[in-house]
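To keep things clear, I will list the structure first and then write my remarks on it.
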Amino acid sequence: MRLQKYIAMCGVASRRAAERLIESGRVQVNGSLVDYMGCEVGEGDEVSVDGKVITPEKKLYYIALNKPKNYVTTVSDDLGRPTVMELVGDIDARIYPVGRLDFDTSGLLIMTNDGAFANQVTHPSHSVDKVYIARVNRPLDKSEEAALRKGVEIDGRLTAPAGVEQLHGRLPEVKITIHEGRNRQVRKMLEAVGAEVLSLKRIAVGGVTLGNLPEGKWRHLNDAEINKLKGRRKK
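Numbering (numbering that gives the first Met the number 0), first residue to last: 0 to 234.
Put into structure tokens, the structure is as follows:
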């Protein structure tokens with residue numbers, strides 16, 4: 000099989016992240032550096048990442064984490080900031096985040112050691128809805144809601160149509176549903192219509208909801224939730 004797929008099966012990273020590991024010269028096969036795509040490995044080959052031999056995970060983990068603000072959604076951070084790995088240290092497996100959640104955004108983060116699953120959830124060819132609650136500085140007017148639903152220009156190109164619902168609580172909040180994964184997308188979308196985001200929380204991914212999971216805590220996904228994410232396809 001392809002080297003990047005094998006790395007994902009070992010629970011080191013998703014398939015796309017595994018490709019970056021290969022390209023950065025961190026992977027060896029049978030003691031030789033491999034830094035190009037297309038390498039295949041078979042039974043008896045020894046693969047190591049950063050000098051450590053890796054083997055396929057025997058037990059697969061699928062968890063939901065309620066990420067607090069001010070945690071980085073990476074396995075490590077060069078700046079010494081806290082990472083989400085510190086919140087799942089009691090799991091005896093090399094799990095990693097499925098996609099990203101911004102440093103200053105809280106809420107639902109899926110984590111796993113199943114590389115094929117991670118690739119399926121994050122790949123652009125799949126349509127996985129992500130639902131956010133944004134607290135904003137003022138209510139949106141009807142034209143601003145319509146613009147978000149149709150698509151607004153951020154970073155030089157239009158966003159895909161979004162679901163938009165204003166929540167009528169004590170403070171102005173907007174529920175936004177997107178299926179793209181562009182950098183700081185929800186914040187930039189709201190800024191594009193003149194609204195300031197005061198806080199942002201993701202409450203659902205592909206039909207899996209955050210529910211009442213306490214901040215900083217995690218839980219296992221149940222079979223129905225796993226199958227829902229695995230079966231999600233672009234229509």
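C-beta: ideal position from N, C-alpha, C; glycine also.
As the structure is a computational prediction, the values presented were derived from the model and not from experiment.
Who are residue i's beta bridge partners in DSSP?
i      : result
Arg201 : Gly106 and Tyr131
Glu39  : Arg1
Arg218 : Ala63
Ile153 : Arg156
Lys174 : Ile132 and Glu164
Ser142 : In the DSSP output, where bridge partners are listed per residue, Ser142 has none listed.
Drop a sphere of 10 angstroms on the beta-carbon of residue i, count the other beta-carbons inside from all chains shown, and report buried for 16 or more, exposed for fewer.
i      : result
Met36  : exposed
Pro160 : exposed
Glu143 : buried
Asn182 : exposed
Leu166 : exposed
Arg19  : exposed
Asp91  : exposed
Tell whether a beta-carbon distance below 8 Å holds between residue i and residue j.
i      : j      : result
Asn189 : Val207 : As written in the sequence, residue 189 is Leu, which differs from the Asn given in the question. Taking 8 Å as the Cβ cut-off, Leu189 and Val207 do not qualify as a contacting pair.
Arg201 : Tyr131 : yes
Thr82  : Tyr70  : yes
Val196 : Leu139 : no
Ala133 : Leu209 : no
Val33  : Ile21  : yes
Since residue i contacts residue j with CB under 8 Å, what's their CB separation in whole angstroms?
i      : j      : result
Val204 : Val127 : 6 Å
Going along the chain, which residues of its own chain have a beta-carbon closer than 7 Å to the beta-carbon of residue i, five neighbours each way excluded?
i     : result
Arg93 : Gly10, Val11 and Asn112
Met84 : Val74
What does a CB cutoff of less than 8 Å around residue i pick up in its chain, not counting 5 residues either side in sequence?
i      : result
Arg218 : Ile62, Ala63 and Leu212
Gly150 : Leu157, Thr158, Ala159, Pro160 and Ala161
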